[in-house]
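A short worksheet on the structure shown next.
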Amino acid sequence: MPGVCGRCRSAAAEVELPYARLRLCPDCFSDFFVSRVRRTVEEFRMFREGDRVGVAISGGKDSGALLHALRSAFPGLDLVALHVNLGIPEYSAHCQSIAEGLAGELGVELLTFDLGRELGIGIGDFEGTAFKGKICSACGTIKRRLFEELAMRAGARVLATGHNLDDMVGIMLDNFLHGYWGQFVRLKPVLPPLAEGMAARVKPLIRSPEREDLLYCLYRGIRFKEIGCPFSKGAKVRRMAGLLEAASERNPQFRHQLLNRFLELMPLIEGIAPRPEFSKCRICGFPSQGDICAYCKRIALVKGDRGGVPSESG
Ligand code: SF4
Ligand code: ZN
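Note that my numbering has the sequence shown beginning at 7, numbered continuously upward.
This is the structure:
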């Protein structure tokens, strides 16, 4: 890419950001990335400087960029990295070593939940259940819950996750088109704690395109996983990816505009969305929409210890 950086006007531009009409050198791009994370946190009041903030890190580029950018944007923030080892042979050990390396480099404490050690299971065990062929669905429920559990163990008031702009607008648009209002409002940038003692969930990368998470990792030397999960062929292809890409080619601001319009609509949609009623799971005590929560149902499926758990898979 010819030309000099549009910010410092000295180094060669390497990154083009058409939606902002900017061409930046690696250092100015990294500053731009970190500033956007800082502004996003402030815009949505995701946390205050004195809060203890848990960051869910998987070993992937999005969550790696998130932890690094939060450390750079808020040097005095009380951060704790949270990682779930899913017990997937080779893959999980690889992801954990990346998480440990990153937390170590940044001087951030790391708390890990090891499925094998703590529960005696691995995600692969779901192959022997009704979740065969849709392991990611069970895995998603388990990860969500264990990150909440880790945030509580860490005493974090806030749990930050690495959902990027592409994730967000893709899922929002899909829910919007289907009228899944309950799921739509769960994509708010800040979700209050489900119960006393639990963490609020925040998404500081909501304005960061996925490609830029990758570039930030490359320019800042942040390692991320080099192997894929063996079950990823069961993962959902990102919803609306092709449509969003085509629209963004014609209008580089498309995803940003769509996110802004959805955020403006959020209060209206909250008004029509069904309000889930939570009680306590009779096994684990976590908030649940039924007698037994989705997490406990799935764990029981694998452990074969039904304990009165109904046999449905959903
Ligand atoms: Fe879990 Fe599926 Fe991701 Fe593998 S690809 S870690 S099974 S959600
Ligand atoms: Zn439960």
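We treat Cβ as the ideally placed atom computed from N, Cα and C, and that holds for glycine.
This one's a predicted model, so the numbers in the text were calculated from it and none came from an experiment.
Indicate, with yes or no, if the ligand ZN has a heavy atom lying under 7 Å from the CB of S41. Looking up residue 41 in the sequence shown gives position 35. Relative to the ligand ZN, even the nearest heavy atom lies 7 Å or more away from the CB of S41.
With DSSP as the reference, label S36 as helix, strand or coil. Residue numbering aside, residue 36 sits at position 30 when the sequence shown is read from its first letter. In this structure, S36 counts as helix in the three-state DSSP scheme.
Using 7 Å as the cut-off, classify the Cβ of S238 as near or not near the heavy atoms of the ligand SF4, replying yes or no. The residue labelled residue 238 in the question sits at position 232 within the sequence shown. For S238, the CB falls within less than 7 Å of some heavy atom of the ligand SF4.
Pair within 8 Å by beta-carbon distance, R159 and L117: Mapped onto the sequence shown, residue 159 falls at position 153. Mapped onto the sequence shown, residue 117 falls at position 111. Going by C-beta atoms, R159 is nearer than 8 Å to L117.
Go ahead and label R256 buried or exposed: buried means 16 or more other beta carbons lie within 10 angstroms of its beta carbon, across all protein chains shown. Stepping through the sequence shown from its first residue, residue 256 is reached at position 250. Taking every protein chain shown into account, the CB of R256 has fewer than 16 other CB atoms within 10 angstroms, so this residue is exposed.
C-alpha gap between E154 and M204, whole angstroms: One-based indexing of the sequence shown puts residue 154 at position 148. One-based indexing of the sequence shown puts residue 204 at position 198. Here the alpha carbon of E154 sits roughly 7 Å from the alpha carbon of M204.
For C235, which residues in the same chain have their Cβ closer than 7 Å to its Cβ, ignoring the five residues on either side in sequence? Numbered from 1 along the sequence shown, position 229 holds the residue referred to as residue 235. Closer than 7 Å at Cβ, skipping near neighbours: I94, Y97.
Any heavy atom of the ligand ZN closer than 7 Å to the beta-carbon of Y186? To locate residue 186, count along the sequence shown from 1; it is residue 180. Checking the Cβ of Y186 against the ligand ZN gives no.
Beta bridge counterpart(s) of G60 as assigned by DSSP: By one-based count along the sequence shown, residue 60 stands at place 54. Assignment of beta-bridge partners to G60 by DSSP yields V86, L165.
By Cβ distance, which residues of its chain are closer than 7 Å to G240, with the 5 residues on each side in sequence left out? What you label residue 240 is simply residue 234 of the sequence shown in a count that begins at 1. Legend: pLDDT at G240 = 48, less than 50; position of this residue unreliable, value from coordinates given subsequently. These residues qualify, in order along the chain: G139, K140, I141, C142.
Report all residues from its chain with a CB closer than 6 Å to the CB of L264; omit the five preceding and five following residues, and keep chain order. In the sequence shown, the residue the question calls residue 264 occupies position 258. Within the same chain, Cβ atoms closer than 6 Å to the Cβ of L264 are found at V175, the five residues on either side in sequence being excluded.
Closer than 8 Å by C-beta to T147: which residues in its own chain qualify, once you throw out the five before and the five after it? Chain order, please. To locate residue 147, count along the sequence shown from 1; it is residue 141. Annotation for T147: A300, Y301, R304 place their beta carbon closer than 8 Å to its own, counting only its chain and skipping 5 residues before and after.
At a threshold of 7 Å, does G139 count as lining the ligand SF4 (C-beta to nearest heavy atom)? By 1-based counting over the sequence shown, the position of residue 139 is 133. G139: no, Cβ never under 7 Å from the ligand SF4.
Buried/exposed call for P210, threshold 16 Cβ in 10 Å: Residue numbering aside, residue 210 sits at position 204 when the sequence shown is read from its first letter. P210 is classed as buried because its beta carbon has at least 16 other beta carbons within 10 Å across all chains shown.
Go ahead and pull the three-state DSSP assignment for R245. Taking the sequence shown and counting its residues from 1, the one referred to as residue 245 is at position 239. Note: R245 maps to coil in three-state DSSP.
Can you find the residues in the same chain that come closer than 6 Å, C-beta to C-beta, to L114, ignoring five residues on each side of it along the sequence? Along the sequence shown, one-based indexing puts residue 114 at 108. In the sequence as presented, Leu is not what sits at residue 114; that position holds Val. Its chain contains L85, A87 as the residues whose beta carbon lies nearer than 6 Å to that of V114, once the 5 sequence neighbours on both sides are disregarded; these appear in chain order.
Three-way DSSP call (helix, strand, coil) for K286 in this model: Here residue 286 is taken as the residue at index 280 of the sequence shown, counted from 1. The answer is strand: DSSP assigns K286 an E or B state.
Taking C-beta to C-beta, are L321 and A166 nearer than 8 Å? Look at the range of the chain in this structure, 7 to 320, and you will see that residue 321 is not part of it.
Helix or strand or just coil, what does DSSP make of V43? For the purposes of this step, residue 43 is taken as the residue at position 37 of the sequence shown. Helix, per DSSP.
N-terminal and C-terminal residue of the beta strand (DSSP E) that V208 is part of: Your numbering for residue 208 matches position 202 in the sequence shown. Here the beta strand (DSSP E) through V208 covers 206–208.
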